[in-house]
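Chemist: The structure that follows is given in the form of C-alpha cells.
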Amino acid sequence: MAETLFQKVWNSHAVRTLPSGQTQLFVGLHLIHEVTTPQAFDMLRRHGWRVAFPDRTFATIDHIVPTTRRERPFLDVTAEEMTAALERNCRDFGITLWPPDDENQGIVHVIGPELGLTQPGMTIACGDSHTSTHGALGAVAFGIGTSQVRDVLASQCLALDPLKVRRIDVHGRLNLGVYAKDVILTIIRRLGVEGGVGFAYEYGGSTIDAMTIDERMTICNMSIEGGARAGYVNPDETTFAFLRGRRYAPAGAAFDRAVAWWRTIASDANAAYDDTVRFDAASMEPTVTWGINPGQSVGVNEPIEGDPGDEAFAFMDFRPGARVAGTKIDVAFIGSCTNGRLSDLEAAVDIVRGHRVAPHVRALVVPGSQAVRRAAEARGLHEVFIDAGFEWRGAGCSMCLGMNTDRLEGRQISASSSNRNFKGRQGSPTGRTLLMSPAMVAAAAIAGEVVDVRTMLAGAPA
Ligand code: SF4
C-alpha cells in the first residue's frame, strides 16, 4: 500500500501499541541541551537508571550561553550552574557534549544537521519545540518536554499518538527579496497557529524542491508555530549532497547503501494524505508579523487586518488598516535556529554591505553555531557586519528568547529573524517582536525602521 514518509518512519520505529492506545516509538537520535535536562537526569539518578543509548544521545549548550564573554565561570551564575550541571550529567552518563568552547558547539537544531547526525528516515527527539527543523532532511522529529526527555534517556522510546499528514505544496518561483521565511510565515498566516494540531506537515512542490537544505530547515523549523507536531521534506538529491562527507554521516560504500535506503523512505507518489493545500510562490511577498503570534503576519506593504479588540493591537501599538512598513525599530537581531545559518548571514550581508546601521538601532548578528561563525569569518562576512555597526557575537540562542543576557528592554521593538513573537519572548515582558527574514532585518537595521527589502535589492520589484 502506498505510504507517506511519516507513515513509513513511524511504522518502522513502532515498538508496540501501549494499553493507552499510544505507540511506543523508538527514537533514533536524542539531542539534549542544558535547559530541559537537569530534572530528567535527577529522575534517572533517583531511580538508579542508566541512559539506555548514550551513543544515540548528543548534547550542546545553547539557550543560556553568553554570546560575548565565554570565559568560565560565566558571570551569570544560573548560566554557569546549568552549564556545569550538563557537563557533570554527560560525564556521569557517558554522553558526548559540545561545551561552549568546543568547535562543534551551537544551537542544537543547527549542529545536528551540520554534523550529519540528522539523517533521512530517523526519528529524532529533543527537549525544544523547534526540533521539527530536522525534518528538512527527511527525518520525523519531535519537540518533547522534560518528563519525555527522561523517558527517552531511560528507554530511548517515546509514547506518542499517531499523527495525520497534511501535504503542503508550494509551486512556482519566489520573487527576488522573498525568502523561505516569507513562505513559512505565509503558510502559518493562512492555515493558522492551531491549523496543524494533530498533523505532521509534509512540504513539497517545485518551490520546496528547488530550496537548499538551509531553506528547508527554516520552513520545517516553524511547523510547530503552525500547530503541527512535526514537519518534513522528502529526501532527494539535495539532501544526499548535503549529507555527503559530514562527520556523522555514513562514509564510502555505507553512504551509497544509505542513499539507496533513504530513497525508499520518501512518500510514495500515490500516497494518500489526510489533507492537501497548495500555495503559489509567485504571489508571496516579504512578510512581517504585526501581532503576538506568528500567524499574525502581513505583507510588508499590506494593511493589517483584524478585530480591533484583539489584544495584539493594543500590545503592539498597531491599528487595523496600518502598515508595518515605517515602524521604527530599536533592535535588529539576526540569528536563531530558524535563520542563524551561513546562508542567512550571506543574505543579510548582501543588504548591509556599504551601509551603516541607523544610529538609534542596536544590531546583533549571532551565528547559529561555531562552525557557522568560522565559515562566515573565513568569507569576511563579520568584517562587513562590524564595519556597518553590527555586534558580531559567539554562537547561541541569544535574543531568540530571554534566557541569557541578550534581551530587549522595556517597550523596545525588535526586528528579529527568530521564530516566536509571543509577549515577553525576547526578555522584556513589554518588548515587541516583529518576525521577518534575515534580509528584512538587515534592511530594517540600516533604515532604522521596517522597510521592504526589495527597495534595497538591485533588480527587485518594490
Ligand atoms: S534559537 Fe530559539 S527556538 Fe531555536 S533552540 Fe534556541 S531558543 Fe529554541
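The numbering used here applies: residue 202 is where the sequence shown begins, and numbers increase by one. Cβ coordinates follow ideal geometry from the N, Cα and C atoms, glycine included. Small disclaimer: the values here were computed from a predicted structure and weren't measured.
#1: Figure out for me which residue from T606, N605 and K624 has the closest Cα to the Cα of I614.
#2: Taking all protein chains shown into account, decide if W462 is buried (16 or more other Cβ within 10 angstroms of its Cβ) or exposed.
#3: Pull up the CB-CB distance for N540 and S424, whole angstroms please, since I reckon it's below 8 Å.
#4: For the beta strand (DSSP E) containing F294, name the first residue and the last one.
#5: Would you mind sorting A549 into buried or exposed? The rule is 16 or more other CB atoms within 10 Å of its CB.
#6: What ranges does the alpha helix (DSSP H) occupy inside the region 364-431, keeping only unbroken runs of at least 4 residues that lie completely in it?
#7: Here's a check: name, in chain order, each residue in its chain whose Cβ is nearer than 6 Å to the Cβ of V642, leaving out the five neighbours to either side.
#8: In angstroms, rounded to a whole number, what distance separates the CA positions of R367 and P568?
#9: From what residue to what residue does the alpha helix (DSSP H) around I535 run?
#10: Can you name the residues that DSSP bridges to E434?
#11: Determine, using beta carbons only, whether V353 and V228 come nearer to each other than 9 Å.
#12: Can you tell me which of A526, P363, K209 and G595 puts its alpha carbon nearest to the alpha carbon of L635?
#13: Just mark D607 as buried or exposed, buried being the case when its beta carbon has 16 or more other beta carbons within 10 Å.
#14: Counting beta carbon pairs with one atom in the region 472-481 and one in the region 381-397, are three or more of them shorter than 8 Å?
#15: Go ahead and label H583 buried or exposed: buried means 16 or more other beta carbons lie within 10 angstroms of its beta carbon, across all protein chains shown.
#16: From F207 to R417, what distance separates their C-alpha atoms?
#17: Any heavy atom of the ligand SF4 closer than 8 Å to the CB of N471?
#18: Pop quiz: V585 and R554 are said to be a contact at Cβ under 8 Å. What is the actual Cβ separation, rounded to whole angstroms?
#19: Taking buried to mean at least 16 other C-beta atoms within 10 Å of its own C-beta, is V581 buried or exposed?
#20: Let me confirm a value: M637 is counted as buried when at least 16 other C-beta atoms fall within 10 Å, else exposed. Which label applies?
Modeler: Short version:
#1: K624
#2: exposed
#3: About 15 Å; that fails the 8 Å criterion.
#4: Run containing F294: none in the beta strand (DSSP E); it sits in the alpha helix (DSSP H), V278 to F294.
#5: buried
#6: 381-392, 407-410 and 414-422
#7: A533, I535, A616 and S618
#8: Rounded to whole angstroms, R367 to P568 spans 32 Å at the Cα level.
#9: First-last for I535: V532 to I535, but that is the beta strand (DSSP E), not the alpha helix (DSSP H).
#10: Reading the sequence as shown, one finds Val at residue 434 and not Glu. Paired residues: Y404.
#11: yes
#12: A526
#13: buried
#14: In short, these stretches touch, since the Cβ pair count reaches three.
#15: By the 10 Å Cβ count, H583 comes out buried.
#16: 17 Å
#17: no
#18: 5 Å
#19: A quick correction: the sequence has Gly, not Val, at residue 581. Exposed: under 16 other Cβ atoms inside 10 Å.
#20: buried
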